[in-house]
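Asks: With the sequence shown counted from 1, adding 556 to any position gets you my numbering.
We put the beta carbon where it would ideally sit given N, CA and C, even for glycine.
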Amino acid sequence: MALIGIARLASESELLEAKSRVTYFEIAARRILNRTKPNMPFQWTINPYRGCEFGCKYCYARYTHEYMELDVQDFEDKIYAKPAAADRVRLELRRIDRKDHIAIGTATDPYQPAERRFGRTRSILEAFARERGRHLGITTKSDLIVRDLELLREIARANVLSINITITTLDEKLARLMEPRAPRPALRLKAVRQLAQAGLVVGVFPNPIMPLLTDSERALDRLARRARDAGAQYFGAGPLFLMPCAQKVLLPWLEDNFPALALDYRKLFEHSAYLGSGAKRILRARVEKIRDRYGLNSGPLEYRPELWLGEEQASFELRD
Ligand code: SF4
């Protein structure tokens with residue numbers, strides 16, 4: 557079968573580097589900024605990579621590899637870097653309204669290990685450092701973000717910048733199982749502290765909140781307290797959104813590690829990728845109470861990944 561669109565681009569991508577487990581490619585992309593659907597908390601997204609080495613078991617962004625006719629497991633083993641020279645990003649920004657909100661890291665982690673080597677996120681930020689009046693949000697699980705502390709401060713001097721550090725659990729063992737190659741929660745909290753001390757606006761996302769694993773009042777309370785103590789200004793919570801690409805990885809993982817929960821998850825997400833409205837209501841009330849307790853806001857961006865899907869595909873066009 558002849559490959560078309562993004563699948564063809566993936567098959568033609570130039571090899572950048574092959575480690576023992578992970579292979580890096582350079583993928584062609586006409587645009588770095590991708591328009592989102594209407595009614596979203598941001599109008600543009602930037603994902604400097606396609607795929608993510610952190611390999612979180614619940615990751616909904618695996619769909620981006622399915623678009624390339626790749627297996628969901630390849631999402632963490634075949635990483636595609638996009639061309640993202642600062643000049644090019646500046647050219648694209650010229651066509652974008654200053655009022656528009658731009659989110660970096662909605663379908664990949666911009667500070668995954670590839671960033672140390674290829675620096676695509678950094679070159680995008682260099683473009684923003686020369687901008688004025690932009691609205692920018694960055695979401696990551698990685699303490700590598702503090703490498704760019706000075707650059708982030710430069711951006712924040714003339715733009716509205718918020719940084720979301722995702723911490724799903726403080727339990728190191730659970731984090732290692734669930735997010736196998738992401739930095740430890742303690743390192744992420746340390747990054748929150750460093751960013752806050754540098755005067756940057758930073759919050760913690762406990763997302764996705766995992767039913768029966770990370771959603772207890774006690775676990776969320778502890779996480780919110782530690783986030784507040786580290787200097788987080790908001791705690792932007794959202795429940796698990798388990799689309800089929802994520803089910804393929806999460807359900808077998810539950811069978812292996814939490815067999816007693818596997819059946820519960822199958823029932824919870826049997827008919828839909830969304831948690832039922834009753835469960836969502838309970839979770840919302842729980843999180844609101846916790847936020848009030850620690851004086852945390854709900855955050856600059858609402859966590860609604862189900863609305864973010866698909867925007868990536870539109871950013872890739874066939875080469876002539
Ligand atoms: S860090 Fe984010 S993008 Fe990367 S695997 Fe985890 S959930 Fe997916």
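Identify the continuous alpha helix (DSSP H) that holds F684 and give its terminal residues.
Replies: Here the alpha helix (DSSP H) through F684 covers R676 to F684.
Asks: Can K729 be considered in contact with the ligand SF4, in the sense that its beta carbon sits closer than 8 angstroms to one or more heavy atoms?
Replies: Incorrect: K729 has no Cβ contact closer than 8 angstroms to the ligand SF4.
Asks: Does any heavy atom of the ligand SF4 sit closer than 8 angstroms to the C-beta of D665?
Replies: Yes, the Cβ of D665 comes within 8 angstroms of a heavy atom of the ligand SF4.
Asks: Just checking my contact of Q803 with V758 at CB under 8 angstroms: how many whole Å lie between their CB atoms?
Replies: Not a contact, Cβ separation roughly 32 angstroms.
Asks: Check whether the region 734-741 touches the region 683-693, counting contact only when three or more Cβ pairs, one atom from each stretch, lie closer than 8 angstroms.
Replies: No, the region 734-741 is not in contact with the region 683-693.
Asks: Count Cβ pairs between the region 584-591 and the region 630-643 that sit closer than 8 angstroms; are there 3 or more?
Replies: A contact exists between the region 584-591 and the region 630-643.
Asks: Give the range of the alpha helix (DSSP H) segment to which L589 is assigned.
Replies: Premise fails: L589 lies in the beta strand (DSSP E), L589 to R591, not in any alpha helix (DSSP H).
Asks: Any idea if L647 is buried or exposed, counting beta-carbon neighbours within 10 angstroms, 16 or more meaning buried?
Replies: So L647 counts as exposed.
Asks: Could you check whether the Cβ of G611 sits closer than 8 angstroms to any heavy atom belonging to the ligand SF4?
Replies: Yes - the ligand SF4 has a heavy atom lying nearer than 8 angstroms to the Cβ of G611.
Asks: In this structure, how does DSSP classify S567 when only helix, strand and coil are distinguished?
Replies: Correct three-state label for S567: helix.
Asks: By a C-beta neighbour count over all protein chains shown, 10 Å radius and 16 as the cutoff for buried, is K697 buried or exposed?
Replies: Burial call: buried.
Asks: Quick one: what does DSSP say S833 is sitting in, helix, strand or coil?
Replies: Helix at S833.
Asks: Can you round the beta-carbon distance between A818 and E826 to whole angstroms, since I take them to be within the 8 angstroms contact cut?
Replies: Wrong, their Cβ atoms sit about 12 angstroms apart, outside the cutoff.
Asks: Report yes if the CB atom of G607 is closer than 9 angstroms to the CB atom of D630, and no otherwise.
Replies: Their beta carbons are under 9 angstroms apart, which means G607 touches D630 by this criterion.
Asks: Less than 8 angstroms between the CB atoms is what I'm expecting for E609 and A670, so what's the real figure, rounded?
Replies: Indeed, because the Cβ distance is near 7 angstroms, the residues count as touching under 8 angstroms.
Asks: Which whole-angstrom value is the C-beta distance of P762 and A738, which I expect to be below 8 angstroms?
Replies: Contact flag wrong, Cβ pair sits at about 14 angstroms.
Asks: If you measure from the CB of Q668, is any heavy atom of the ligand SF4 nearer than 8 angstroms?
Replies: True, at least one ligand heavy atom lies under 8 angstroms from that Cβ.
Asks: Between V628 and V702, what straight-line distance do the alpha-carbon atoms span, to the nearest angstrom?
Replies: Whole-angstrom Cα-Cα distance: 30 angstroms.
Asks: For E773, which residues of its own chain have a beta-carbon under 7 angstroms away from its beta-carbon, when the five flanking residues on both sides are left out?
Replies: Cβ neighbours of E773 beyond the five flanking positions: R842.
Asks: Look up P795 in the DSSP assignment and say whether it is helix, strand or coil.
Replies: It is a strand residue.
Asks: Can you have a look at G787 and say buried or exposed, based on whether 16 or more other CB atoms are within 10 angstroms of its CB?
Replies: The residue is buried, with at least 16 neighbouring Cβ atoms inside 10 Å.
Asks: Thinking A747 and I721 are a contact (beta carbons under 8 angstroms), I'd like their distance in whole angstroms, please.
Replies: So it is a contact: roughly 6 angstroms between Cβ atoms.
Asks: Does R606 come out as helix, strand or coil in the three-state DSSP assignment?
Replies: The answer is strand: DSSP assigns R606 an E or B state.
Asks: Please report the residue range of the beta strand (DSSP E) in which H827 lies.
Replies: It is not in any beta strand (DSSP E) - H827 carries neither H nor E in the DSSP assignment.
Asks: Which word fits N590, buried or exposed, when buried means at least 16 other C-beta atoms lie within 10 angstroms of its C-beta?
Replies: Buried, since its Cβ has 16 or more Cβ neighbours within 10 Å.
Asks: What does DSSP give as the partner residue(s) for S915 in the beta ladder?
Replies: There is no way to answer for residue 915, as the model of the chain reaches only from 557 to 876.
Asks: Output needed for M624: all residues of its chain with C-beta closer than 6 angstroms, excluding positions within five of it in sequence on either side, in chain order.
Replies: Cβ neighbours of M624 beyond the five flanking positions: I562, A563 and A566.
Asks: If you scan the region 711-739 from start to end, which runs of the beta strand (DSSP E) of 3 or more residues do you find wholly inside it?
Replies: Runs of the beta strand (DSSP E) inside the region 711-739: 716-722.
Asks: Does DSSP classify E632 as helix, strand or coil?
Replies: In this structure, E632 counts as helix in the three-state DSSP scheme.
Asks: In its own chain, which residues sit with a C-beta less than 6 angstroms from the C-beta of L705, not counting the 5 before and 5 after it?
Replies: Only A754 meet the Cβ criterion.
Asks: For V806, does the three-state DSSP call read helix, strand or coil?
Replies: Per the sequence shown, the amino acid found at residue 806 is Leu instead of Val. The answer is helix: DSSP assigns L806 an H, G or I state.
Asks: From I560 to P767, what distance separates their C-alpha atoms?
Replies: Roughly 38 angstroms separates the two Cα atoms.
Asks: DSSP three-state label for E582, please.
Replies: It is a strand residue.
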